[in-house]
Amino acid sequence: MKRTVNLYVVPAVLLVLIVLPFLLLWSSLPDPMAIHWGVGGNPNGYAPPVLLLLGLAAAYGAISLSVNRVVAATPGEMPSFVAGLFGVGGLLVAVSWMSVLANRDAGSWQGADPVGWFEILGVLALALVAGAIGWVSAGGSAARTDRVPGETPMIDVADPASAVWSGRGLGKVTTAIGVGVVLIGLFTWGAVGLGLVLIGIVALMFALVRVTVAQSGVVVSMGWWGFPRWKVSLDSVSSAEVEMVRPMAYGGWGYRARPGVRAIVVRSGAGLRLVRSDGADLVYTVDDAETAAGLVNAIVGARREKGVE
Amino acid sequence: MLLKLDPTSGLPLYNQIAAAVRRAVADGDVVAGDRLPAARDLAKSLDVNMHTVLRAYSDLREEGVIELRRGRGAIVREGSSSLAHVHHLVVELAAEAGRHGVSFDEVVEMLKKECS
């Protein structure tokens, strides 16, 4: 029920609110109307009102539909998606009202009211408030995807303190996207090309994760070049599990922070979950997570025995 | 890939790393085409200098156990398991000989006799 309200009813109401100012004030709008304002606050771009109306409505329609498709495939509340849905809706509603009111009875688009920082801040504030309402409405930070505790495998090594496990997880689709974006960026001029290359490199960074488990800690490194690389101490790790990672349950791919867990998701499927006594759990999608978890449990178990003695 | 070091062997660390890889290859835990941990990752997880790991890797390459390719890392070579197995035995033999005070020449003599 709440899902239906969050995903369908509220977006539909927001869509109506986007269209509403045009319907109410259609006859008082100049054609073309001002749709863009310069740094000084004066109008410097114009389009027929019908184009702005259709553009805003179509943009929100497309965003709602794609968010709904993603969320429909996933059980549980998804605060970040609902916050995004509400926030973008609020932003577009504000833009729609502001544009129409500035053009009201203007005569021509040059005559539209100026738009300054005050109005822009107002629009952004409205979007933020709408996003926050979405976040709270979907359960906010209290919402937690139901987690069935995974298996906690053990491996039999004579001396877990001197064993090392290493493995990696590769996201094939992310790799393809990253390579594609970098290539497009290399053949594009100027700042746009540079931006695309950077975006592609970030995608490639999240296409490969390598994990090394040893007595002194768990080393995680990103991308083929192994940067960034960091080490997680096993002192705070109480056990390790194999988890079947569904990216949608984490809100997508990449670095994912959810209540009580931080994850590097490069692909779906089995991953290593480090259950920590202080701080959030850590999840890495690597192949052969069972051996990795087994070694972590062996090391942690051996330490505990030593502590008891 | 699971590697087991042997700190009781008293060998230098780079030898322990190489021996662990050889043993894993000889036991079939690691097969041709498998990728060894990135040298920097392994060094950080063992709290050793990266060059210690690289020294082990370059020893393994000279023995023909792995291939080192820039950008692709260290890959276990085809047909390395029998080689690694024999090498593993030789390392043990050398250690045993040292422990019992058998000289290098005596060991070579014994091997020559066995192999002829």
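Which chain is which? The protein sequence lines are D and G, in order. With this note's numbering, the residue at position 182 of the first sequence is 183, and numbering never jumps. With this note's numbering, the residue at position 35 of the second sequence is 600, and numbering never jumps. Where a beta carbon is used, it is the ideal one built from N, C-alpha and C, also for glycine.
Exercise for the section: Taking R605 (chain G) as the query, report the chain D residues whose CB atoms sit under 8 Å from its CB, ordered along the chain. Expected result: Counting from 1 along the second sequence, the entry for residue 605 (chain G) is found at position 40. Correct list: S222, G227, R230.
Practice task
State whether the segment 169-181 of chain D contacts the segment 189-208 of chain D, with contact taken as three or more CB pairs (one from each stretch) at a distance under 8 Å.
Solution key: Contact between the segment 169-181 of chain D and the segment 189-208 of chain D is present: 3 or more CB-CB pairs across the two stretches fall below 8 Å.
Handout entry: N- and C-terminal bounds of the beta strand (DSSP E) containing S239 (chain D)
Key = Translated into positions along the first sequence, residue 239 (chain D) becomes position 238. Following the DSSP letters along the chain, one finds S239 (chain D) inside the beta strand (DSSP E) bounded by residues 238-246.
Problem - Chain-ordered chain G contacts of G1 (chain D) [CB-CB under 8 Å] - result: No statement about residue 1 (chain D) is possible, as the shown extent of chain D runs from 2 to 310 and does not include it.
Exercise for the section: Just confirm the distance between the C-beta atoms of L567 (chain G) and A59 (chain D), as a whole number of angstroms; I'd bet it's less than 8 Å. Expected result: Against the second sequence, residue 567 (chain G) aligns to sequence position 2. Against the first sequence, residue 59 (chain D) aligns to sequence position 58. In fact, because the Cβ distance is near 54 Å, the residues do not count as touching under 8 Å.
Problem - Nearest-angstrom Cα separation, counted from R274 (chain D) out to V651 (chain G) - result: For the purposes of this step, residue 651 (chain G) is taken as the residue at position 86 of the second sequence. For the purposes of this step, residue 274 (chain D) is taken as the residue at position 273 of the first sequence. Those two C-alpha atoms are separated by around 38 Å.
Handout entry: Residues from the segment 592-623 of chain G in contact with chain D, defined by Cβ distance under 8 Å
Key = So the list reads R600, L601, P602, A603, R605, D606, L607, K609, S610, L611, D612, given in the order they occur along the chain.
Problem - Where T153 (chain D) meets chain G, residues with beta-carbon distance less than 9 Å - result: Locating residue 153 (chain D) in the first sequence gives position 152, where the first residue counts as 1. Within chain G, not a single residue places a beta-carbon under 9 Å from that of T153 (chain D); the smallest gap is close to 17 Å.
Practice task
Would you kindly check if the distance between the Cβ of S167 (chain D) and the Cβ of P602 (chain G) is under 8 Å?
Solution key: To locate residue 602 (chain G), count along the second sequence from 1; it is residue 37. To locate residue 167 (chain D), count along the first sequence from 1; it is residue 166. Yes, Cβ-Cβ distance for P602 (chain G) and S167 (chain D) is below 8 Å.
Practice task
Mind checking which residues open and close the beta strand (DSSP E) that includes L633 (chain G)?
Solution key: As a first step, residue 633 (chain G) is located in the second sequence; it is residue number 68 there, counting from the start. Per DSSP, L633 (chain G) belongs to the beta strand (DSSP E) from 631-634.
Practice task
Report the residues of the segment 571-595 of chain G with a CB closer than 9 Å to any CB of chain D, ordered along the chain.
Solution key: Among the residues of the segment 571-595 of chain G, those with a Cβ less than 9 Å away from any Cβ of chain D are D571, P572, T573, Q581, I582, A585, in the order of the chain.
Handout entry: Separation of A258 (chain D) from V238 (chain D), as counted between CA atoms
Key = Within the first sequence, the letter at position 237 stands for residue 238 (chain D). Within the first sequence, the letter at position 257 stands for residue 258 (chain D). If I take the Cα positions, the gap works out to 18 Å.
Practice task
Drop a sphere of 10 angstroms on the beta-carbon of F87 (chain D), count the other beta-carbons inside from all chains shown, and report buried for 16 or more, exposed for fewer.
Solution key: By one-based count along the first sequence, residue 87 (chain D) stands at place 86. Around the Cβ of F87 (chain D), a 10 Å sphere holds 16 or more other Cβ atoms; the residue is buried.
Handout entry: Under 8 Å from the C-beta of V203 (chain D): neighbouring residues of chain G
Key = If you number the first sequence from 1, residue 203 (chain D) lands on position 202. Residues of chain G with a Cβ closer than 8 Å to the Cβ of V203 (chain D) do not exist; the shortest Cβ-Cβ separation is about 19 Å.
Practice task
Look at the Cβ atom of P229 (chain D), then the Cβ atom of G108 (chain D), and state whether they are nearer than 8 Å.
Solution key: In the first sequence, the residue the question calls residue 229 (chain D) occupies position 228. In the first sequence, the residue the question calls residue 108 (chain D) occupies position 107. No.
Handout entry: Three-way DSSP call (helix, strand, coil) for V586 (chain G) in this model
Key = Here residue 586 (chain G) corresponds to residue number 21 of the second sequence, with the count starting at 1. Correct three-state label for V586 (chain G): helix.
Practice task
Could you confirm whether any beta carbon from chain D is found closer than 8 Å to the beta carbon of K678 (chain G)?
Solution key: If you number the second sequence from 1, residue 678 (chain G) lands on position 113. Judged by the 8 Å Cβ criterion, K678 (chain G) is not in contact with chain D.
Exercise for the section: Identify which residue in D:R105, D:E120, D:N7 has its Cα closest to the Cα of V83 (chain D). Expected result: Position 82 of the first sequence, counted from the first residue, corresponds to residue 83 (chain D). Nearest to V83 (chain D) by C-alpha distance, out of D:R105, D:E120, D:N7, is D:N7.
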